[in-house]
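Comments concern the structure below.
Residue numbers (my numbering), protein chains in the order written: chain A, 1 to 334; chain B, 335 to 668.
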């Protein structure tokens with residue numbers, strides 16, 4: 001569990017895109033973002049107050065989050081100076097970089113001396129149990145995709161926000177590094193050992209109030225041969241009551257797999273639902289989330305209308321047209 | 335890769351069942367078993383020549399394999415004496431115990447000093463790649479089960495033996511600790527990190543001759559909520575040409591999951607085959623392997639006949655009636 005709120009470290013980001021983790025935190029959990037820390041030459045700007053470490057400390061920030069990709073995959077000397085100072089000033093550090101904080105002896109030594117915590121969110125910090133399959137109270141929704149990177153995290157976050165605005169009980173449950181940094185907690189599922197994958201998702205989505213929804217961040221795809229095992233564990237560990245089908249209609253092959261075509265939404269539905277019924281016989285497919293970023297407004301609208309007719313399910317692009325339709329569908333079964 | 339042949343260490347086994355790993359090695363790879371090492375009070379006997387370390391060394395044994403479960407989950411002082419001596423005598427050690435050899439400082443120190451290797455087959459020793467899904471040469475067969483522990487390993491080993499006897503090209507590919515100790519090589523799939531599961535199976539079953547069959551040891555079940563992710567990774571990483579359905583008809587719930595019923599063979603077929611087609615559109619279900627240990631001969635025969643009629647597939651219990659029918663079915667598509 002990462003202590004919030006955060007000071008968002010943008011370092012010497014070469015452009016706005018390099019700071020997309022920080023952007024995600026600011027977009028989805030603005031209350032977690034006290035300010036931004038930018039070094040000389042930083043080309044990213046989140047529109048937050050620029051703060052030095054003392055100012056951020058005074059403003060209540062507890063953790064410095066590395067919200068930017070590092071160049072060349074290494075933590076530079078210039079970054080190191082700031083990170084060491086942050087530990088000395090009493091901040092914990094949190095990072096989703098491949099280059100782990102815990103692999104830097106100086107950071108480890110200073111963290112130890114100052115009693116601060118280094119969070120590498122790519123690495124599990126919990127000993128997860130083996131899944132027991134027992135029915136838990138509360139409701140759960142899982143986004144499943146025809147492919148990886150079709151908007152599953154965005155869909156779950158957008159629905160979670162809409163549900164909170166309506167006064168529904170909802171928790172976004174992160175299963176990847178960006179989601180974990182956004183919420184301060186979660187399971188880095190792709191780094192969990194095989195035997196404990198489903199158990200980690202049971203742990204992440206425990207017994208809850210009957211009218212509470214866990215909005216579980218999806219990972220991979222049942223149709224992506226590299227990562228389908230992770231998706232399977234989410235479906236069985238999460239024992240979802242509701243599935244949202246996610247799709248990007250313009251993609252001509254599976255991400256990273258040139259020889260593989262995307263399945264249809266019908267194939268996704270007909271594959272995912274029987275598997276979900278193993279863990280939860282009441283599970284329903286409640287809606288479709290389409291990533292229409294490469295379509296004109298006309299194309300997007302007509303594609304969504306066509307999907308609604310074809311599948312008999314509400315369909316929207318939550319980024320472009322909001323997630324209200326999908327939340328209506330959840331509310332109808334909740 | 336564990337050096338063969340082995341001296342099989344039976345320690346102070348309280349009964350024959352405690353030595354089932356050693357029994358598996360002797361049954362399936364007798365050429366790997368030079369002799370057995372029994373301590374005072376050992377109640378197991380494989381019918382191999384009893385040897386001390388010097389005799390086994392002279393007979394060519396290269397690795398001492400712990401073929402017995404340890405009492406209380408710890409490596410006792412009495413065992414330790416033999417293991418240290420074995421290292422001093424020039425043996426590597428191999429073990430599938432939960433209590434890892436590498437967690438015993440004295441064994442680590444002696445292994446280092448003598449230049450010997452400690453193999454803990456529960457722990458991956460290879461950095462596996464992420465699966466790329468590329469089509470590989472050669473053919474692959476995977477056993478999938480309605481549940482865990484229904485005879486998938488036995489089925490693959492029995493078919494592999496039958497195929498070798500017929501002069502077919504075949505390799506048993508181990509994915510669990512017992513299988514790895516039997517063959518000296520394999521992937522401990524349940525201990526692999528999620529992102530690399532499918533890639534580890536691609537690594538295990540590489541490009542091969544067109545008429546070569548990899549007989550892949552199955553794990554878990556698509557219908558077992560604790561371990562289904564592992565099974566999924568086998569189906570997509572293994573890109574099987576042939577599936578064998580495995581079943582134990584008398585079980586009244588899924589192993590370790592009292593609330594969960596076993597699926598039918600039809601459900602298994604209809605779930606596994608479309609998923610296998612993602613990685614290999616030519617995949618076929620070729621036969622059924624039934625574990626009839628809790629049925630009389632009459633019951634078993636009539637159950638197998640009924641399955642053959644119902645599914646239109648050859649069905650046998652390879653332990654009781656041999657695996658010839660299943661190998662015939664493979665040969666027909668090979």
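C-beta: ideal position from N, C-alpha, C; glycine also.
The C-beta of residue 115 of chain A has fewer than 16 other C-beta atoms within 10 Å across all chains shown, which makes the residue exposed. Taking CB atoms only, residue 502 of chain B has no neighbour in chain A less than 8 Å away.
Residues of chain A whose Cβ lies closer than 7 Å to the Cβ of residue 594 of chain B are, in chain order, 133. When only Cα atoms are considered, residue 39 of chain A and residue 484 of chain B end up about 60 Å apart.
Cβ contact annotation for residue 445 of chain B (same chain, cutoff 6 Å, sequence separation greater than five): 421 and 452, in chain order.
At least 8 Å separates the beta-carbon of residue 289 of chain A from that of residue 216 of chain A. Straight-line spacing of the CA atoms in residue 343 of chain B and residue 225 of chain A works out to 40 Å.
Going by DSSP, residue 201 of chain A is part of the alpha helix (DSSP H) stretching over 197-204. Residues of chain B with a Cβ closer than 7 Å to the Cβ of residue 236 of chain A are, in chain order, 559 and 562. Classified as exposed, residue 1 of chain A has fewer than 16 neighbouring CB atoms from the shown chains inside 10 Å of its CB. For residue 643 of chain B, the closest of B:653, B:661 and B:621 by C-alpha to C-alpha distance is B:621. Taking the Cβ atoms as the reference, residue 183 of chain A lies roughly 7 Å from residue 29 of chain A, within the contact range of under 8 Å. Here residue 129 of chain A is exposed: its Cβ has fewer than 16 other Cβ atoms, across all protein chains shown, within 10 Å. Annotated three-state conformation of residue 170 of chain A is strand, per DSSP. Secondary structure note for residue 24 of chain A: its alpha helix (DSSP H) is the uninterrupted segment 20-28.
For residue 528 of chain B, at least one C-beta of chain A is nearer than 8 Å to its own C-beta.
For residue 182 of chain A, the enclosing alpha helix (DSSP H) begins and ends at 177-183. By the rule that beta-carbons nearer than 8 Å mark a contact, residue 276 of chain A does not touch chain B. Between the segment 297-314 of chain A and the segment 347-363 of chain B there are fewer than three C-beta pairs closer than 8 Å, too few to call the two in contact. Within the same chain, Cβ atoms closer than 6 Å to the Cβ of residue 607 of chain B are found at 619, the five residues on either side in sequence being excluded. The beta carbon of residue 431 of chain B does not come within 8 Å of any beta carbon belonging to chain A, so the residue lies off that interface.
Excluding sequence positions up to five before and after residue 206 of chain A, its CB lies within less than 7 Å of the CB of 136, all in the same chain and listed in chain order. Inclusion of residue 557 of chain B and residue 489 of chain B in the CB contact set at 8 Å is not warranted, their separation being larger than that value.
For residue 153 of chain A, none of the residues of chain B pass the 7 Å Cβ criterion, the least Cβ distance being about 17 Å. Ranked by how close their Cα comes to the Cα of residue 667 of chain B, the residues B:617, B:640, B:649 and B:641 have B:617 in first place. Within a 10 Å sphere around the beta-carbon of residue 80 of chain A sit fewer than 16 other beta-carbons, which makes this residue exposed. DSSP lists no bridge partner for residue 283 of chain A. For residue 397 of chain B, the beta-bridge partners assigned by DSSP are B:340 and B:426. Put simply, the CB of residue 268 of chain A is far from chain B, with every gap to its CB atoms at 8 Å or more.
Here residue 360 of chain B is buried, its C-beta having at least 16 other C-beta atoms within 10 Å.
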